[in-house]
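Undergrad: The structure that follows is given in the form of structure tokens.
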Amino acid sequence: MSKPVKFVRGFHEPKPKDIDKALGNDAPFSNEFKTSFNSLPKPTNDLDWLANYREKGQTYAQFLDQCPFLDDRSSLQEYIYLTLLDNDDRLSILNIDRLVDYTKRFFQMEVKLLPLFTNITWNDKKRTLACTVKGRNNSTSATTLRTRYDSITGHSQICVNHVLNLLKRSVPSDARCLVAITLHDLYSDSSDLFIAGLAQGNCRIAAFSFFRYDPRLEISEEFWYDWKIKRTKSKLMSTIILLRSCRLLTHEIGHLLGIDHCIYYDCLMNGSGHLEEDFSQSLFLCPVDLRKLSKLVDFDVIQRYEQMLDFCTENKFTDETDVLTKRLEILKKEKPATQTKKRSNNGDENDKFNILDTEIIYMFSRIIPSSSISTIRRSSNFVRIFEVGPRDGLQNEKTQVPTPIKVEFVNRLSRTGLKFIEVTSFVSPKWVPQMGDHVEVLAAIDRIPGIRYSALTPNVQGINRVLSLGNKGADEIAIFSAASESFSKANINCSIETSLQRFNEVTQIAREKNLPVRGSISCTVGCPYEGKIKPSQVVPLVEKLFDMGCYEIALADTIGVGTPKSIKELLQAIQSSGISINKLAIHCHDTYGQAIANIAQALDMGIRCVDSSVAGLGGCPYAKGASGNVATEDVLYLLEGLGYETGVDLNRLIDVGQFITNVLKRENMSKVARAILSKRQN
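Each residue of the sequence shown is one higher than the last, beginning at 1 in the UniProt record's numbering.
This is the structure in structure tokens:
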């Protein structure tokens, strides 16, 4: 008998009173109608959505407060636009007309096809995909889409970020949203196995691929380019892919309309942890989310269900037909209660809300190579913690830590909910004695599926040692440069230019082995030798590291002199150069007590990855007086207070911090940990 899978630590399964509160006291649905919906599914797989993510849900009242469209009913933004990034022959298996038809019935809104992409051709010699793109003023331009290509299998993927940049220039003024659909495989950065799509809520745009929704495909969970076709009955195939496509498209447009993930029922708006979970989910909105949509669009609930029933019957969605038939019978018995009242032009006293002006980005189906973790439909309130304690923390501690203790340290961190852990550094023991056992540590840790274990490899010798370990090696590698010439020479004994040449050799090897590379830049706001660092010194380095193939770059305030003002200026300068904030991380030291304030500033600007070290371990041997990294415990406390999610258990992390500080015989530098430990003693 298989071991039962629990909800992620910290997630509270809603009770009936919580569901009633989410729906609202004046909801127009009867108990009989509500009980026709299945309860929230419990996890059955370690990779399932709620086995990994501590969702808080969105009540009807919160939707009224957050949705950016509710006070804009009279605006010209009334159409859902779809555009096709593919040739007609490839799209034939999707049956676009039926997909458009279902989307109209589901949202009770007009859906239009917009011919933005034409002349789509693959250049076999250059291994690139070219097309003609139509702009807002009907002007056209030839574009070569950013792609990656595997010469052995002939498989290619399009960079979804490039597609979104093209869509931004073409959003019609009357569009509620513009969505690109393709059967080409997509990716976002070099660490992706694939990405099914990406949406930018504040820009009203999204791009989705149905490539991996094809039931004929058998797809590798390890290599992005590895797949094969299996035999499937054509009639069955067309039904399955239409059902899957309808589910994906309506879920994601729901997000673009302001509806967050649902934790109250078995619902279309549930999140997914992997494709199999995605394929098994409901096609319909639960009462809570149905009420949200009806508030936004003002439709008749019964009429909408009848239109959807006709579609499901015609397209042989057997299970869905049975569900709709049952619910319609209930609704028709209670017709007066379920009619949706039209909202007056003046609104009503309950319709008070604030415009949500932060960028909402839903990224899903990112399957990480060398790991079984999958991240699907992650909302903008999720912040990734990159734990650097075992490497950046320990390498600067005076006490030599035995190898078995390091292994136990990493293993304990793995049980806190962290998904990214920097384990060690492949540098010469002559320069960093604490990391001299890098091979032994990396080979001995207990690897938990879903966690990415990283190692610093600043040179070719380092990455070759990692690769020689096979599946005992790192899931990703890290390289680091510096924005200060003086610091670069003191820290790694070479100029910035020489360091970049070395890193380019490392990243070339990593690309050949499909190994993700994360970059880091030291001294981005201040240097112990040169003083203040200008943003203009940092931007070219960021661009060069991305050109090498880094999927993300951490901006480090190595000596902790930054302030919210300098962090803001730095991020603004990088964004102005055309680099997305979503590909950046923040790495703060707390020398002057500004780390938490600086992180809060970065979060406000869109940063969603924070480097930190449990118990505030670390320092910098080349920066006299610099204290350690910001404590992960303090960062978690900040994030939870601001309403962000991390999936990390604070109490467990505090226990790990105490374990390692006892070994080091030093004080725990986390203020949050000290406060909570004091309460425990009382």
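For glycine and all other residues, C-beta sits at the position ideal for the given N, C-alpha and C.
(1) Going by Cα to Cα distance, which pick from Arg412, Ser454, Thr507 and Ile463 is closest to Asn651?
(2) Around the C-beta of Lys419, are 16 or more other C-beta atoms found within 10 angstroms, so that it is buried, or is it exposed?
(3) I need the straight-line Cα distance from Thr399 to Ile660, nearest angstrom please.
(4) Quick check on Val614: buried or exposed, where buried means 16 or more other Cβ atoms within 10 Å of its Cβ?
(5) Since I believe Ala478 is in contact with Ser520 (beta carbons under 8 Å), could you give me their beta-carbon distance rounded to a whole number of angstroms?
(6) Pick helix, strand or coil for Asp557, following the three-state DSSP scheme.
(7) Beta carbon of Phe69, beta carbon of Gly258: below 8 Å?
(8) In chain order, what residues of the same chain have a beta carbon less than 6 Å from the beta carbon of Leu664, not counting five sequence neighbours either side?
(9) So what's Arg174 in DSSP terms, helix, strand or just coil?
(10) Taking 8 Å as the threshold, find out whether the segment 171-179 comes into contact with the segment 195-215 through three or more Cβ pairs.
(11) My parser needs the beta strand (DSSP E) runs of 3 or more residues fully inside the segment 380-430; what are they?
(12) Contact check, Leu442 vs Ala455 under 8 Å by CB: the rounded distance?
(13) Could you spell out where the beta strand (DSSP E) holding Glu110 opens and where it closes?
(14) Excluding the five sequence neighbours on either side, which residues of its own chain have a C-beta within less than 6 Å of the C-beta of Asn662, listed in chain order?
(15) Using CA coordinates, which residue listed in Arg169, Glu387 and Thr132 is at the minimum distance from Ile586?
(16) In terms of alpha-carbon separation, which member of Gly417, Ala510 and Thr591 lies closest to Gly560?
(17) CB-CB under 8 Å to Gln395, same chain, minus the five flanking residues each way: which ones, in chain order?
(18) Give me the residue from Gln594, Glu505 and Ile448 with the minimum Cα distance to Asp46.
(19) Tell me the start and end of each unbroken alpha helix (DSSP H) in the segment 542-594 that is at least 4 residues and wholly inside, in chain order.
(20) For the alpha helix (DSSP H) holding residue 685, just list the boundary residues, first then last.
(21) Are the beta-carbon atoms belonging to Gln537 and Pro564 less than 8 Å from one another?
(22) Report the rounded CA-to-CA distance for Ile421 versus Gly593, giving the unit in angstroms.
(23) Go ahead and pull the three-state DSSP assignment for Leu70.
(24) Note down the Cα distance separating Gly389 from Ser612, rounded to an integer number of angstroms.
(25) Per the DSSP calculation, Arg327 is bridged to which residue(s)?
(26) Could you tell me which residues DSSP puts in a beta bridge with Ile181?
(27) When the Cα of His12 is compared with those of Leu186, Ala51, Met548 and Lys316, which residue comes out closest?
(28) Restricting to runs no shorter than 3 residues, where is the beta strand (DSSP E) found entirely within the segment 484-540?
(29) Is Thr132 closer than 8 Å to Thr140 when the C-beta atoms are compared?
(30) Could I get the ranges of all uninterrupted alpha helix (DSSP H) runs contained in the segment 267-306, with 4 residues as the minimum, in chain order?
(31) Could you tell me which residues DSSP puts in a beta bridge with Ala478?
(32) Looking at the strands, I want to know which residues DSSP matches up with Leu94.
(33) Please work out which residues of its chain come closer than 7 Å, Cβ to Cβ, to Tyr60, disregarding the five sequence neighbours upstream and downstream, and give them in chain order.
(34) Output needed for Val648: all residues of its chain with C-beta closer than 7 Å, excluding positions within five of it in sequence on either side, in chain order.
(35) Please classify Cys131: does DSSP put it in a helix, a strand, or coil?
(36) Helix, strand or coil: which one does DSSP assign to Phe117?
TA: By the coordinates alone:
(1) Looking up residue 651 in the sequence shown gives position 651. With distances taken between Cα atoms, Asn651 lies closest to Arg412.
(2) Taking the first residue of the sequence shown as position 1, residue 419 is located at position 419. By the neighbour-count criterion, in which 16 or more other beta carbons inside 10 Å mark a residue as buried, Lys419 falls on the buried side.
(3) Residue mapping note: residue 399 aligns to position 399 of the sequence shown, counting from 1. Residue mapping note: residue 660 aligns to position 660 of the sequence shown, counting from 1. Roughly 11 Å separates the two Cα atoms.
(4) For this step, residue 614 is matched to residue 614 along the sequence shown. Buried, because 16 or more other Cβ atoms sit within 10 Å of the Cβ of Val614.
(5) As a position in the sequence shown, residue 520 is number 520, starting the count at 1. As a position in the sequence shown, residue 478 is number 478, starting the count at 1. With a Cβ gap of about 6 Å, Ser520 and Ala478 count as contacting.
(6) The sequence position of residue 557 within the sequence shown is 557, counting from 1. Strand.
(7) On the sequence shown, residue 69 is found 69 positions in, with the first residue counted as 1. On the sequence shown, residue 258 is found 258 positions in, with the first residue counted as 1. Yes, Cβ-Cβ distance for Phe69 and Gly258 is below 8 Å.
(8) Translated into positions along the sequence shown, residue 664 becomes position 664. Closer than 6 Å at the Cβ level, and outside the excluded window around Leu664, lie Glu397 and Thr399.
(9) As a working mapping, residue 174 is identified with position 174 in the sequence shown. Note on identity: in this sequence residue 174 is Asp, with Arg being the wrong assignment. Residue state, collapsed to three classes: coil.
(10) yes
(11) 384-387 and 420-425
(12) As a first step, residue 442 is located in the sequence shown; it is residue number 442 there, counting from the start. As a first step, residue 455 is located in the sequence shown; it is residue number 455 there, counting from the start. Their Cβ separation, rounded to whole angstroms, is 6 Å, which keeps Leu442 and Ala455 in contact under 8 Å.
(13) In the sequence shown, the residue the question calls residue 110 occupies position 110. Bounds of the beta strand (DSSP E) holding Glu110 are Glu110 to Leu113.
(14) The residue labelled residue 662 in the question sits at position 662 within the sequence shown. Cβ neighbours of Asn662 beyond the five flanking positions: none.
(15) In the sequence shown, residue 586 corresponds to position 586, counting from 1. Measuring from the Cα of Ile586, the nearest candidate turns out to be Glu387.
(16) By 1-based counting over the sequence shown, the position of residue 560 is 560. The candidate whose alpha carbon is nearest that of Gly560 is Thr591.
(17) In the sequence shown, counting from the first residue as 1, residue 395 sits at position 395. So the list reads Ser425, Val432, Gln434, Met435 and Gly618, once near-sequence residues are dropped.
(18) In the sequence shown, counting from the first residue as 1, residue 46 sits at position 46. Out of Gln594, Glu505 and Ile448, Ile448 has the C-alpha closest to the C-alpha of Asp46.
(19) Residue ranges of uninterrupted alpha helix (DSSP H) with 4 or more members, entirely inside the segment 542-594 and ordered along the chain, are 564-576.
(20) What the structure shows of the chain is the stretch from 1 to 682, and residue 685 is not part of that stretch, so it cannot be assessed.
(21) Position 537 of the sequence shown, counting from 1, holds the residue named residue 537. Position 564 of the sequence shown, counting from 1, holds the residue named residue 564. No, Cβ-Cβ distance for Gln537 and Pro564 is not below 8 Å.
(22) For the purposes of this step, residue 421 is taken as residue 421 along the sequence shown, with counting starting at 1. For the purposes of this step, residue 593 is taken as residue 593 along the sequence shown, with counting starting at 1. Distance between the alpha carbons of Ile421 and Gly593: 24 Å.
(23) Here the question's residue 70 lines up with position 70 in the sequence shown. Note: Leu70 maps to coil in three-state DSSP.
(24) Position 389 of the sequence shown holds residue 389. Position 612 of the sequence shown holds residue 612. Rounded to whole angstroms, Gly389 to Ser612 spans 7 Å at the Cα level.
(25) Here residue 327 refers to the residue found at position 327 of the sequence shown. Paired residues: none, contrary to the question.
(26) Start at 1 with the first residue of the sequence shown, and residue 181 comes out as number 181. According to DSSP, Ile181 bridges with Leu84 and Phe208.
(27) Against the sequence shown, residue 12 aligns to sequence position 12. Looking from the CA of His12, the closest CA among Leu186, Ala51, Met548 and Lys316 belongs to Ala51.
(28) 517-522
(29) Taking the sequence shown and counting its residues from 1, one reaches residue 140 at position 140. Taking the sequence shown and counting its residues from 1, one reaches residue 132 at position 132. Yes, these two residues count as a Cβ contact at 8 Å.
(30) 275-279 and 287-297
(31) Taking the first residue of the sequence shown as 1, we reach residue 478 at position 478. Per DSSP, Leu456 and Arg518.
(32) Locating residue 94 in the sequence shown gives position 94, counting from the first residue. Beta-bridge pairing links Leu94 to no other residue.
(33) As a first step, residue 60 is located in the sequence shown; it is residue number 60 there, counting from the start. The answer, listed in chain order, is Ala22, Leu23, Gly24, Val288, Arg291 and Lys292.
(34) As a first step, residue 648 must be located in the sequence shown, where it is residue number 648. Closer than 7 Å at Cβ, skipping near neighbours: Ile385, Thr416, Gly417, Leu418 and Leu636.
(35) Counted from its first residue, the sequence shown places residue 131 at position 131. Strand at Cys131.
(36) Walking along the sequence shown from the start, residue 117 turns up at place 117. If DSSP states are grouped into helix, strand and coil, Phe117 belongs with the strands.
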